[in-house]
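Participant:
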Amino acid sequence: MNIKRRLLAFMLLATALVSCNGNMQEQELKSPDGKIAITINIENDQPAYHVNFNGKSVIKSSTLGFDFTNMPAIKAGWEIVSVKQTNNNSKWEMPWGEKRVVEDNFNQLIVALVEKQAPNRKMNLVFKAYNDGIGFRYEFPEQEAMKELLIAEENTEFNLTGDHKVWWIPGDWDIYEHLYHTTKFSEIDATKLRGHASLAQTSIPNNAVNTPVSMKTEEGIYLSFHEANLTDYSGMTLKVDTTNMKMVSTLVGSERTKYKVKRSLPFHTPWRTIQIAEKAGDLIQSDLIVNLNEPNKIGDVSYFKPMKYVGIWWDMHLGTKTWDKASGKHGATTEYAKELIDFASENNIGGILVEGWNTGWEHWIGFEDREGVFDFVTAYDDYNLPEVVRYGKEKGVELIMHHETSAAPRTYDQQLDTAYHLMNKLGIHSVKTGYVGKLIPKGEYHHGQWMVNHYRRALEMGAKYKVAINAHEPIKATGLRRTYPNAISREGLRGQEFNAWSSDGGNPAEHLPIVAFTRMLAGPIDYTPGVFNIKLKPHKANNQVNTTLAHQLALYVVLNSPIQMVPDLIENYKGHPAFQFIRDVVVNWEQTKVLNGEIGDFVTIARQDRASDNWFVGAISDENARDMSIKFDFLPEGKKYQAILYLDGEKAHWDKNPTDYKIEKKTVDINSILDLHLAAGGGAAISLIEIK
């Protein structure tokens with residue numbers, strides 16, 4: 287190579303590594319559409335970033351750093367020594383989910399930093415800018431200056447531009463089953479929610495919020511803060527500084543160690559994410575969280591079939607049956623399971639969940655020492671596991687296994703291989719896991735690093751034995767369903783069961799219009815919609831579901847999950863005309879369109895069946911009645927559809943008359959516009975069946 291060519295190569299390399307402004311200590315990265323701009327710089331000798339959207343600041347200058355127990359903090363004294371920018375525009379396919387094809391289009395900037403004084407530690411900041419938001423993480427390369435990190439705290443700032451409207455739950459280290467609160471940022475006080483009577487466990491050490499936490503600025507911009515690819519690390523809560531209008535990452539800790547995370551180098555943290563949108567519905571349509579995860583690493587998961595399922599479950603919450611056998615009202619019997627299998631087979635329902643099948647339920651709650659309580663392979667003597675599996679297969683209904691650990695994960699760890707081997711042997715391909723109660727060992731929390739790794743071991747064991755996992759009392763969803771597509775769904779929110787037994791009035795009508803724009807941004811939800819006996823009579827005189835019947839139907843479309851329960855007692859479905867929607871609706875989608883919505887008020891979502899050209903629409907409202915017009919411009923050109931509409935009746939009301947409904951039929955196409963009236967706490971569910 288001659289001198290001129292060498293000089294040209296050097297100049298091209300310099301252009302690739304250094305931003306065009308010529309100032310190494312300040313770098314800029316833009317989204318592919320140019321609307322989002324991230325500036326990374328050194329502020330007072332400390333790494334910092336800020337974010338603009340459409341030319342206006344949405345995150346003010348925010349510093350980045352760590353505290354450790356085994357070395358000085360990462361704070362001041364750093365400089366940028368090199369940068370590298372790349373881009374990607376590709377597509378990948380979800381094996382199941384809210385859409386089939388996902389576009390992965392981003393610009394990336396890797397910023398290499400070095401400590402200016404000895405021992406000259408090294409750290410990289412990696413930023414990705416998408417059209418729907420940003421993600422960034424810390425990377426610690428292998429180096430002599432440090433071998434192992436004992437992280438006492440991660441100090442990632444999110445410095446807000448104003449006193450935004452916020453939809454939040456407290457930064458509880460143990461449980462996500464809180465109602466959402468709607469306040470100004472300055473009014474957040476999570477500490478007042480300590481010790482909730484209806485929660486099996488709770489720990490709220492700081493005035494912090496859990497993620498996803500969504501906000502709306504005075505300018506009408508929507509923001510949602512979360513994390514992606516939570517691997518071998520503690521879950522992140524966000525400590526709230528109501529005076530300075532900022533949040534700072536606060537990791538879930540452990541009482542057994544002085545540190546919150548222990549990692550050997552090299553390693554990287556989870557992504558810290560900010561979704562940014564001009565419309566509330568764009569938050570739901572964002573693919574940021576899944577895109578920030580690695581591609582599928584476990585291969586084919588066709589053994590899992592997206593399905594609706596019935597279950598021996600709601601009976602226990604109503605008190606008509608029990609999990610344990612000693613009560614004399616045991617639910618998990620062979621006879622009852624077969625009755626439900628017959629009903630499922632007759633009504634296009636592909637699965638059955640059976641809770642309370644295995645020994646140990648007499649000692650699972652209220653006992654301090656729950657180690658060894660549950661046996662995950664031994665059934666009660668009135669439940670014939672192989673026979674239930676055989677009968678289900680004969681009827682085309684798959685058994686969903688149930689493993690309640692009673693928050694004793696070491697007992698579960700000891701039996702993981704044996705229990706999953708049994709499922710594989712019987713041809714059972716999905717399991718609902720549970721972790722109710724205070725964790726054993728004492729001092730660990732559901733959302734700390736120790737438990738994050740336990741949940742991952744269960745996923746990996748599931749992949750080994752071709753079992754998909756629906757986790758309850760879980761770690762938060764962070765998009766790992768892309769890497770481990772056997773992570774099919776999870777709870778991680780205040781579910782339907784609170785309507786049956788909580789002492790605070792149950793879930794208000796606004797609950798799910800908030801959840802759709804908060805918790806659902808993290809990933810699929812096993813909420814168990816579809817209760818028809820809204821007033822829960824005669825079983826629970828002081829409790830009820832706080833929605834209309836049409837709202838319950840609409841949730842099968844609004845809430846994304848490849849498994850959706852049909853939870854009510856089957857006598858409440860038999861002969862009911864509205865049950866036809868549950869028979870017809872699917873749970874695996876080709877594409878999703880959010881037609882309208884405002885956080886906490888209402889939302890309408892249309893989803894196309896992955897196996898046909900049929901569509902389904904769900905609309906839900908909060909405690910306010912409202913009128914809306916729905917355009918069917920998402921339908922394909924030149925095709926007509928029979929629309930079967932399940933609507934609130936003229937006198938429908940979530941409390942006064944929740945079961946008033948009507949069914950109408952219309953012919954619609956791409957040019958159709960439909961006026962809907964949603965009652966207070968109401969909804970609308972629409973089947974769009976192609977006319978051939």
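Last residue of the sequence shown: 978 (our numbering), numbering continuous.
We treat Cβ as the ideally placed atom computed from N, Cα and C, and that holds for glycine.
Should A971 and L881 be called a contact, given that it needs their Cβ atoms to be closer than 8 Å?
Facilitator: For the purposes of this step, residue 971 is identified with residue 685 of the sequence shown, where counting begins at 1. For the purposes of this step, residue 881 is identified with residue 595 of the sequence shown, where counting begins at 1. No, these two residues do not count as a Cβ contact at 8 Å.
Participant: According to the neighbour-count rule (16 or more other Cβ atoms, all chains shown, within 10 Å of its Cβ), is N307 buried or exposed?
Facilitator: By 1-based counting over the sequence shown, the position of residue 307 is 21. The pLDDT assigned to N307 is 43, lower than 50, so where the model puts this residue is not dependable, and the model offers no usable value.
Participant: Near I800, which residues of its chain fall below 8 Å by C-beta distance, leaving aside the five closest residues on each side in sequence?
Facilitator: Translated into positions along the sequence shown, residue 800 becomes position 514. Same-chain partners within the cutoff: W453, Y466, T468, I885 and G886.
Participant: Going along the chain, which residues of its own chain have a beta-carbon closer than 8 Å to the beta-carbon of K470, five neighbours each way excluded?
Facilitator: Reading the sequence shown from its first residue, position 184 is the one you call residue 470. Beyond the five residues adjoining it in sequence on each side, K470 comes within less than 8 Å, by CB distance, of D449, H450, K451 and V452 in the same chain, given in chain order.
Participant: Where does L574 fall in DSSP's three states?
Facilitator: Taking the sequence shown and counting its residues from 1, one reaches residue 574 at position 288. In the structure shown, the three-state DSSP call for L574 is helix.
Participant: Measure the C-alpha to C-alpha separation of D460 and V659 and round it to an integer number of angstroms.
Facilitator: Indexing the sequence shown from 1 puts residue 460 at position 174. Indexing the sequence shown from 1 puts residue 659 at position 373. C-alpha of D460 to C-alpha of V659: approximately 21 Å in a straight line.
Participant: So L315 is in the beta strand (DSSP E); what residue range does that whole segment cover?
Facilitator: Reading the sequence shown from its first residue, position 29 is the one you call residue 315. E312 to K316 is the extent of the beta strand (DSSP E) around L315.
Participant: Residues in the same chain with beta-carbon distance under 6 Å from V367, minus the five sequence neighbours each way, listed in chain order, please.
Facilitator: Position 81 of the sequence shown, counted from the start, is the residue given in the question as residue 367. Hits under 6 Å: A398 and V400.
Participant: Does S789 pass the burial test, meaning 16 or more other C-beta atoms within 10 Å, or should it be called exposed?
Facilitator: Position 503 of the sequence shown holds residue 789. Flag for S789 reads exposed.
Participant: Buried or exposed for P556, going by 16 or more other Cβ atoms inside 10 Å?
Facilitator: The residue given as residue 556 occupies position 270 in the sequence shown. Burial call: buried.
Participant: In the DSSP assignment, find the beta strand (DSSP E) that holds T704 and state where it starts and stops.
Facilitator: As a first step, residue 704 must be located in the sequence shown, where it is residue number 418. It is not in any beta strand (DSSP E) - T704 instead sits in the alpha helix (DSSP H) that spans P695 to L712.
Participant: Given a threshold of 16 other Cβ atoms within 10 Å of its Cβ, counted over all protein chains shown, does K594 qualify as buried or as exposed?
Facilitator: Sequence index remark: in the sequence shown, residue 594 carries index 308 (1-based). The residue is buried, with at least 16 neighbouring Cβ atoms inside 10 Å.
Participant: Would you tell me roughly how many angstroms separate the C-alpha atoms of A324 and E434, rounded to the nearest one?
Facilitator: Counting from 1 along the sequence shown, the entry for residue 324 is found at position 38. Counting from 1 along the sequence shown, the entry for residue 434 is found at position 148. As written in the sequence, residue 324 is Ile, which differs from the Ala given in the question. Going from the Cα of I324 to the Cα of E434 covers about 30 Å.
Participant: Determine, using beta carbons only, whether R718 and L639 come nearer to each other than 8 Å.
Facilitator: As a first step, residue 718 is located in the sequence shown; it is residue number 432 there, counting from the start. As a first step, residue 639 is located in the sequence shown; it is residue number 353 there, counting from the start. Checking the displayed sequence, the identity of residue 718 turns out to be Lys instead of Arg. Cβ distance < 8 Å, so K718 and L639 count as in contact.
Participant: So, helix, strand or coil for N307, using DSSP?
Facilitator: For the purposes of this step, residue 307 is taken as the residue at position 21 of the sequence shown. The predicted position of N307 is uncertain, since its pLDDT is 43 and thus under 50; no value can be drawn from it.
Participant: What do you get for N644, buried or exposed, if any count of 16 or more other CB atoms within 10 angstroms of its CB means buried?
Facilitator: Here the question's residue 644 lines up with position 358 in the sequence shown. Buried is the label assigned to N644, since at least 16 other Cβ atoms lie within 10 Å of its Cβ.
Participant: Starting from the C-beta of E505, find all residues in its chain whose C-beta is less than 6 Å away, skip the five residues before and the five after it, and write them out in chain order.
Facilitator: Reading the sequence shown from its first residue, position 219 is the one you call residue 505. Result list for E505: empty, nothing under 6 Å.
Participant: Go ahead and label E384 buried or exposed: buried means 16 or more other beta carbons lie within 10 angstroms of its beta carbon, across all protein chains shown.
Facilitator: Working through the sequence shown from its first residue, we reach residue 384 at position 98. By the 10 Å Cβ count, E384 comes out buried.
Participant: If you measure between the beta carbons of Q487 and G781, is that distance less than 8 Å?
Facilitator: Against the sequence shown, residue 487 aligns to sequence position 201. Against the sequence shown, residue 781 aligns to sequence position 495. Contact flag unset, no.
Participant: My understanding is that N579 touches R742, with C-beta atoms under 8 Å, so please give their C-beta distance in whole angstroms.
Facilitator: One-based indexing of the sequence shown puts residue 579 at position 293. One-based indexing of the sequence shown puts residue 742 at position 456. Their Cβ separation, rounded to whole angstroms, is 13 Å, which puts N579 and R742 out of contact at 8 Å.
Participant: What ranges does the beta strand (DSSP E) occupy inside the region 476-559, keeping only unbroken runs of at least 3 residues that lie completely in it?
Facilitator: 499-502, 508-514, 522-527, 532-537 and 547-550
Participant: Does H758 come out as helix, strand or coil in the three-state DSSP assignment?
Facilitator: Here the question's residue 758 lines up with position 472 in the sequence shown. Coil.
Participant: Between D961 and the rest of its own chain, which residues show a CB-CB distance below 6 Å, the 5 nearest in sequence each way excluded?
Facilitator: Start at 1 with the first residue of the sequence shown, and residue 961 comes out as number 675. By the criterion of a C-beta distance shorter than 6 Å, D961 is surrounded in its chain by S915, once the five residues flanking it on both sides are discounted.
Participant: Per DSSP, K615 is paired with what?
Facilitator: As a first step, residue 615 must be located in the sequence shown, where it is residue number 329. K615 is not bridged to any residue.
Participant: Can you tell me where the beta strand (DSSP E) with A763 in it begins and where it stops?
Facilitator: Numbered from its first residue, the sequence shown carries residue 763 at position 477. A763 -> no beta strand (DSSP E), and no H or E assigned at all.
Participant: Can you tell me which of the three DSSP states H963 falls into?
Facilitator: For the purposes of this step, residue 963 is taken as the residue at position 677 of the sequence shown. Looking at H963 - three-state DSSP - the assignment turns out to be strand.
Participant: Does the beta-carbon distance from A808 to P498 come in below 8 Å?
Facilitator: One-based indexing of the sequence shown puts residue 808 at position 522. One-based indexing of the sequence shown puts residue 498 at position 212. Contact flag set, yes.
Participant: Does DSSP classify R1028 as helix, strand or coil?
Facilitator: Lying outside 287 to 978, the shown extent of the chain, residue 1028 is not represented and no answer is given.
Participant: For the alpha helix (DSSP H) holding P799, just list the boundary residues, first then last.
Facilitator: Translated into the one-based positions of the sequence shown, residue 799 becomes position 513. Its alpha helix (DSSP H) spans residues H797 to V801.
Participant: I'd like the span of the beta strand (DSSP E) that includes V872, first residue to last.
Facilitator: Numbered from 1 along the sequence shown, position 586 holds the residue referred to as residue 872. Here V872 belongs to no beta strand (DSSP E), and DSSP marks it neither H nor E.
Participant: Taking the DSSP output, what are the residues bridged to G720?
Facilitator: Here residue 720 is taken as the residue at index 434 of the sequence shown, counted from 1. Paired residue(s): E690.
Participant: Only counting the same chain, and skipping five residues up and downstream in sequence, which positions put a Cβ closer than 8 Å to that of I977?
Facilitator: What you label residue 977 is simply residue 691 of the sequence shown in a count that begins at 1. Hits under 8 Å: K925, K926, Y927, Q928 and T953.
Participant: From which residue to which residue does the beta strand (DSSP E) around I949 run?
Facilitator: Walking along the sequence shown from the start, residue 949 turns up at place 663. Note, I949: beta strand (DSSP E), Y947 to V954.
Participant: Rounded to whole angstroms, what is the Cα-Cα separation between T833 and P794?
Facilitator: As a first step, residue 833 is located in the sequence shown; it is residue number 547 there, counting from the start. As a first step, residue 794 is located in the sequence shown; it is residue number 508 there, counting from the start. In this structure, the straight-line span from the alpha carbon of T833 to that of P794 is close to 8 Å.
Participant: Once DSSP output is grouped into helix, strand and coil, what is the label at Q838?
Facilitator: Mapped onto the sequence shown, residue 838 falls at position 552. If DSSP states are grouped into helix, strand and coil, Q838 belongs with the helices.
Participant: In this structure, does DSSP put L745 in helix, strand or coil?
Facilitator: Position 459 of the sequence shown, counted from the start, is the residue given in the question as residue 745. Note: L745 maps to helix in three-state DSSP.
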